[in-house]
Structure formats: structure tokens, C-alpha cells
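Numbering (UniProt numbering), first residue to last: 1 to 94.
Even for Gly, the Cβ is constructed at its ideal location relative to N, Cα and C.
Scroll down for the structure; my scribbles are underneath it.
This is the structure we're talking about:
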């Protein structure tokens, strides 16, 4: 009779450990899925914005180098400064 009680107690402990194991596994999978579905999307969007601003900066730099007249240089310099400011702001955000 005592052996049966010991077996019953052991079975209850095993069941409790098994439930805890499953709960921890499900929590880990939940965290991974949350990262993939939410955080990674935000990181990807920020990276795409940074790439867009970098391309705008490169284009503004190209236009500034090709400028010949003082008026064109002044306009392109302002565009370059604005593009640089946007790029650096996004770089700090990422």
C-alpha cells in the first residue's frame, strides 16, 4: 500500500514537471514568434528607411559635385545638408 502511494506521488511530480516543461517551451516559442512577427518587421522597416536616406544622400552628393553655377551649388548644397540631416537622424534611430 505504501509503494502505491509512493508511485502515485512520483507520478504527480512527473506530471507537474511535464506541464512546467511544456509551459516553458511554449513561452520560448511565443517569444521567438513575437520577435519574427513584430520586432523583425520594425527592424526591417528602419533598415529600409536608412537605405532610402542613404540613396538620397548619395544622389544629393552626386548633384552637388556636378553643379557648375553658384546658384546651383547653393541649392544642391542645401539639398545635401537636408539629406545628410535625415540620414543621420535615421542612423541614430536604428
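With contacts defined by Cβ atoms closer than 8 angstroms, residue 42 and residue 63 do not form a contacting pair.
Going by C-alpha positions, residue 27 is about 10 angstroms away from residue 21. Contact between residue 59 and residue 87 is absent: CB atoms are separated by about 12 angstroms, not below the 8 angstroms threshold. The beta carbon of residue 61 sits closer than 7 angstroms to the beta carbons of 80 from its chain, once the five residues preceding and following it are set aside; these are given in chain order. For residue 72, the uninterrupted alpha helix (DSSP H) run begins and ends at 70-93, by DSSP. The criterion of a C-beta distance shorter than 8 angstroms is satisfied by residue 46 and residue 93. Secondary structure at residue 46: helix, using DSSP grouped into helix, strand and coil.
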